[in-house]
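With UniProt numbering, the residue at position 735 of the sequence shown is 735, and numbering never jumps. Written out below as structure tokens is the structure these notes cover.
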Amino acid sequence: MNPTKSDVSDLWIQHQRQNKKTAQSWACIYCPERKICLSETDLWEHAEKYHQDRIPSGQDELERFRKSYESNSALKRPTKDDSQPRSPSSKYDHGPPKSSYNKAVIVQADTPSPHLQSKRPLNSPQPDPFNIASTQASKPPAQVFKPGNRRTLKKSSPQTTSQPKLQGNRPQQQHHLLHTQANTSSVILSNRTASEIESTSQTPQYSIILQPVIRPISQEQLAIEAKGIYAGLAMIEAKCIEVDNKQATLVQDDPPIQSKLNNKQWQALISLHRTLLDEQYDFLLVCQHPSASPTLRQLPSKCAMPARMWRHSIQSLLELLRHRLPASFDHMLAFIYLVYSRMTLLYETVPTFEDIWIECLGDLGRYRMILEDKDARDRELWVGVARHWYLKASDKAPTIGRLYHHLAILAHSNPLQQLYYYTKSLCAVMPFTYTRKSILMLFDPVLNTENGYQYRLPSLDNIFIRAHGHLFTGRTMERFEPAIKEFLGLLDHQIGRTTKKFMEQGSYIAMLGFASEENPLMKAIVSSSEDKAVVSSSKDKAVDVDMDESWDESSPSMIVFRHAQNLNNSALEIVLKRIGDPNVLPFIHISLVFIFRMSHFSNTMDLLAPAFPWQILVIMLNTLLKSYKTFSRIEDCKFPLPEKDDICRPFLEDFGMRGLLWTEKYFPERWFLNEKIDEEEKYHEFPSILDQRKERILWLACRIADAGPWITFDSFKSEFSAKNIDEDLESRSPTFASATTN
């Protein structure tokens, strides 16, 4: 019979047997699974426990039995002439089977597979094992700190040997196979515990992967590594600042004397900033290592590393590239893609500064949008990318006005939405003052008719933006009143024509007109926030704000305020008269939220209450009460959360009001907890939302009634009332009852 051809696994096992020392072990001859013991004591204890019936009672016979048992159970080290390895079998109690045996695939954790090593380049640079940054740079960033990474040792090649045939009678073959199988197991399992050996030996076919060696990193080593990285980082950062300042000075000169950079100079400049970015990335990874101390984890914040990364590694070079367009187009494109990929890695691996990475990704999308001035499709694609990141950032930090300014820039195709974002940027808890310059780019084209530029907008949107342009700039105020009359004349028809679309447009209109920092109402809100006034309950006392200076009706701020008040109240009257139209409920909801917030300041209500359309509001409220039954919910001071069977989800206008000064304490703490709602899903409301919105409006009306004498609620009659109600207005209640929401 010809010898069977050996495969790589068999040759490798034979090689390991010949070159590795094997610890002595014993295999019980009475156990079908050949129980492995690592000492004679363990073997005898095993026999006493499981094979007591085979142990003789006499002392002499007991000694002879023990010597024979230990001798027959002892496993000998195989020689070079041993046959090919065979996996231990638990199926055969009295000898090996006649067919071929299953081969065990043995994988050594500390020794790589030969075919894997052959694919590695011979001249590839090796990482320094004593430098964390070097080690991290040689691995994918997502696996830098993965504890299961293996170490690569010296390469070993298996020796090729021929496989001898089994000759002789059956007992000799059985004895030889038993020793070969047991010795193979002892080689593989020499470093395993007894329990692991027992469980493993029962498996007829298996693959063993030994646990890799893990070298823990101490806090002292991490601190030394971070200190070393920061020293090199500071040197590169200083060089980048020097080069960027020099190039920025040249950019500010007249174009004829600007020095043009060739491709090699641009590549060198990008390489310098990329090196700084890599050093900062390594520094952040070291400081956020799981073994890092709390002091080391706080080091990036103390050093303002995320801000320095964006300013010196990214933004400064992007601005240089932007001012050198179109010559720098290719270099700017390559650098944006490089930085974008690095920011996504930081977003995944350094979640401590997640909010910063999200905003940086939005900024990079906006820079990428600038490059697409010819391809409209690609431009809109990157507008969507930047908008996605900015919306995600605003959901996490809704009080930061800077994010709404960026969203306004992206909303160039929807000027009404752009005006909303600009105004929200100014009215947020943390306003962005630069918006006052950016918003002029929206107002100038509609105010300066002499330049011949006209927005291609619906007339209602154009007139509304123009009216706010007059209020914001204070220019050509004589045109404001005609614009208001034209706007109000088109508003009712626009609501009936757009139907459900007015839910979005009405929200924008209701929240505008109060953006000026000189506005007396804004002064009241800001001063109350500084005094930490408590406004969560309608039972709180109204806060008196000193507004003597704002009471001067001839002051410019009061003149602008009265014009804005006239615009808002006139639009609200038209909306309130559309009784039965569910599309105007978001507008009413926002208006009542604003009045509810202002009701905590007595002086501000002295300005608002006389001109507010209370009588028409009461008619609308009583109409909503006819279909409402659970009055205990609207009379309760607690926010009316949806019942158990209803869907708990914010309204469309809730997202729009979130982050504004006058809604700071209106919503419950966990109201916007569901961050998985996409931007498009906000405009798709369930039918149950209609009843919830009606209930919210009635609840706000009860809170306003509790705060002052402007309206009252009679729980016995189940109706609202106000002074001097015009009874003729009730005839309008069925006018729009058949309005649809399509």
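Glycine is no exception: its CB is placed at the ideal position from the N, C-alpha and C atoms.
Open item on the list: Is it the case that the region 658-671 contacts the region 557-570, given that we only count it when at least three CB pairs across the two stretches are under 8 angstroms?
Closed with: no
Open item on the list: Here's the rule I'm using: 16 or more other beta-carbon atoms within 10 Å means buried, otherwise exposed. How should Asn448 be labelled?
Closed with: By 1-based counting over the sequence shown, the position of residue 448 is 448. Asn448 is exposed by the Cβ-count criterion.
Open item on the list: Please return the same chain residues whose Cβ sits closer than 7 angstroms to the Cβ of Arg475, not counting the five positions on each side in sequence.
Closed with: Counting from one through the sequence shown, the residue named residue 475 turns up at place 475. Counting only Cβ-Cβ distances below 7 angstroms, and skipping sequence neighbours, we find Leu447.
TODO: Label Asn603 either buried or exposed according to how many other C-beta atoms from any shown protein chain fall within 10 Å of its C-beta, with 16 as the threshold for buried.
DONE: In the sequence shown, the residue the question calls residue 603 occupies position 603. Asn603 should be labelled buried.
- [ ] Going by DSSP, name the residue or residues bridged to Glu719.
- [x] Taking the first residue of the sequence shown as position 1, residue 719 is located at position 719. Glu719 pairs with Asp714.
TODO: Would you identify the three-state DSSP class for Ile36, choosing helix, strand or coil?
DONE: As a working note, residue 36 is residue 36 in the sequence shown. Here Ile36 sits in strand by DSSP.
Task: Helix, strand or coil at Leu361 [DSSP, three-state] - done: Residue 361 sits at position 361 when you count from the first residue of the sequence shown. Residue state, collapsed to three classes: helix.
Task: Pair within 8 angstroms by beta-carbon distance, Pro415 and Leu442 - done: Position 415 of the sequence shown, counted from the start, is the residue given in the question as residue 415. Position 442 of the sequence shown, counted from the start, is the residue given in the question as residue 442. Taking a C-beta distance under 8 angstroms as the contact criterion, Pro415 and Leu442 qualify as a contact pair.
- [ ] Go ahead and pull the three-state DSSP assignment for Ala701.
- [x] In the sequence shown, counting from the first residue as 1, residue 701 sits at position 701. In the structure shown, Ala701 sits in a helix (DSSP, three-state: H, G or I).
Open item on the list: Since His273 and Leu325 should fall inside the 8 angstroms C-beta cutoff, what is the C-beta to C-beta distance between them, to a whole number of angstroms?
Closed with: Along the sequence shown, read from residue 1 onward, the residue named residue 273 stands at position 273. Along the sequence shown, read from residue 1 onward, the residue named residue 325 stands at position 325. That pair is no contact at about 18 angstroms.
Task: Bridge-paired residues (DSSP) for Trp662 - done: Taking the first residue of the sequence shown as 1, we reach residue 662 at position 662. Trp662 is not bridged to any residue.
Task: C-alpha gap between Phe432 and Val350, whole angstroms - done: Within the sequence shown, numbered from 1, the residue matching residue 432 stands at position 432. Within the sequence shown, numbered from 1, the residue matching residue 350 stands at position 350. The straight-line gap from Cα to Cα measures roughly 27 angstroms.
- [ ] Taking Ala393 and Gly362 to be in contact with their CB atoms under 8 angstroms, please state how far apart those CB atoms are, rounded to whole angstroms.
- [x] For the purposes of this step, residue 393 is identified with residue 393 of the sequence shown, where counting begins at 1. For the purposes of this step, residue 362 is identified with residue 362 of the sequence shown, where counting begins at 1. At roughly 6 angstroms, the Cβ-Cβ gap stays under 8 angstroms, so Ala393 and Gly362 are in contact.
Task: Range of the contiguous beta strand (DSSP E) that encloses Ile214 - done: Residue 214 sits at position 214 when you count from the first residue of the sequence shown. Element bounds for Ile214: n/a, residue is neither H nor E.
Open item on the list: Check this for me: beta carbons of residue 757 and Leu284, under 8 angstroms apart or not?
Closed with: In the structure displayed, the chain extends from 1 to 742; residue 757 sits before or after that span and is not available.
TODO: State the Cα-Cα distance for the pair Phe514 and Lys437, rounded to the nearest angstrom.
DONE: Mapped onto the sequence shown, residue 514 falls at position 514. Mapped onto the sequence shown, residue 437 falls at position 437. With a pLDDT of only 49 at Phe514, under the threshold of 50, the placement of this residue in the model should not be trusted, and no figure is reported.
- [ ] Identify whether Ser207 lies in helix, strand or coil by the three-state DSSP scheme.
- [x] Residue numbering aside, residue 207 sits at position 207 when the sequence shown is read from its first letter. DSSP places Ser207 in strand when its eight states are reduced to three.
- [ ] Compare the Cα-Cα distances from Ile314 to each of Thr352, Cys287, Asp282, Cys360 and report the closest residue.
- [x] Residue numbering aside, residue 314 sits at position 314 when the sequence shown is read from its first letter. Nearest option by C-alpha distance: Cys360.
Task: Backbone secondary structure at Trp12 - three-state DSSP - done: Translated into positions along the sequence shown, residue 12 becomes position 12. Helix at Trp12.
Task: Delimiting residues of the alpha helix (DSSP H) encompassing Ile590 - done: Here residue 590 refers to the residue found at position 590 of the sequence shown. Residues 585-598.
TODO: Report buried or exposed for Ser218, applying the criterion of at least 16 other Cβ atoms within 10 angstroms of its Cβ.
DONE: The residue labelled residue 218 in the question sits at position 218 within the sequence shown. Looking at its Cβ environment, which holds fewer than 16 other Cβ atoms inside 10 Å, Ser218 is exposed.
Open item on the list: So, under 8 angstroms CB-CB, Cys240 and His312 are touching, yes? Tell me the CB distance rounded to an integer number of Å.
Closed with: For the purposes of this step, residue 240 is taken as the residue at position 240 of the sequence shown. For the purposes of this step, residue 312 is taken as the residue at position 312 of the sequence shown. About 5 angstroms separates the two Cβ atoms, so the contact holds.
Open item on the list: Between the alpha carbons of Asp42 and Ile13, how many angstroms are there, rounded?
Closed with: Sequence index remark: in the sequence shown, residue 42 carries index 42 (1-based). Sequence index remark: in the sequence shown, residue 13 carries index 13 (1-based). Going by the C-alpha atoms only, they are around 28 angstroms apart.
- [ ] Determine, using beta-carbon pairs with one atom in the region 688-701 and one in the region 573-581, whether at least three such pairs fall under 8 angstroms.
- [x] no
Task: Check whether Leu608 and Met620 have beta carbons under 8 angstroms apart - done: As a position in the sequence shown, residue 608 is number 608, starting the count at 1. As a position in the sequence shown, residue 620 is number 620, starting the count at 1. Taking 8 angstroms as the Cβ cut-off, Leu608 and Met620 do not qualify as a contacting pair.
Open item on the list: Taking the alpha helix (DSSP H) that Tyr628 belongs to, which residues open and close that run?
Closed with: Counting from 1 along the sequence shown, the entry for residue 628 is found at position 628. Per DSSP, Tyr628 belongs to no alpha helix (DSSP H) and is neither H nor E.
- [ ] Determine the contact status of Val286 and Leu233, defining contact as a CB-CB distance below 8 angstroms.
- [x] By 1-based counting over the sequence shown, the position of residue 286 is 286. By 1-based counting over the sequence shown, the position of residue 233 is 233. Cβ distance not < 8 angstroms, so Val286 and Leu233 don't count as in contact.
Open item on the list: Can you list, in chain order, the residues of its chain with a C-beta nearer than 8 angstroms to that of Tyr628? Leave out the 5 residues immediately preceding and following it.
Closed with: Stepping through the sequence shown from its first residue, residue 628 is reached at position 628. So the list reads Ile634, Lys694, Glu695, Leu698, once near-sequence residues are dropped.
- [ ] Tell me the start and end of each unbroken beta strand (DSSP E) in the region 288-367 that is at least 3 residues and wholly inside, in chain order.
- [x] none
- [ ] Look at the alpha carbon of Thr399 and the alpha carbon of Asp244, and state the distance between them as a whole number of angstroms.
- [x] Counted from its first residue, the sequence shown places residue 399 at position 399. Counted from its first residue, the sequence shown places residue 244 at position 244. Between Thr399 and Asp244, the C-alpha separation is close to 33 angstroms.
Task: Exposure label - Glu225; buried when at least 16 CB within 10 Å - done: Here residue 225 refers to the residue found at position 225 of the sequence shown. Per the 10 Å Cβ criterion, buried.
Task: For Trp26, three-class secondary structure by DSSP - done: Here residue 26 refers to the residue found at position 26 when the sequence shown is read from its first residue. DSSP places Trp26 in strand when its eight states are reduced to three.
Open item on the list: For Tyr422, report the span of its alpha helix (DSSP H) as first-last.
Closed with: By 1-based counting over the sequence shown, the position of residue 422 is 422. 415-427 is the span of the alpha helix (DSSP H), which, as asked, contains Tyr422.
Task: Within 8 angstroms, strictly: CB atoms of Ile358 and Trp382 - done: Your numbering for residue 358 matches position 358 in the sequence shown. Your numbering for residue 382 matches position 382 in the sequence shown. Going by C-beta atoms, Ile358 is not nearer than 8 angstroms to Trp382.
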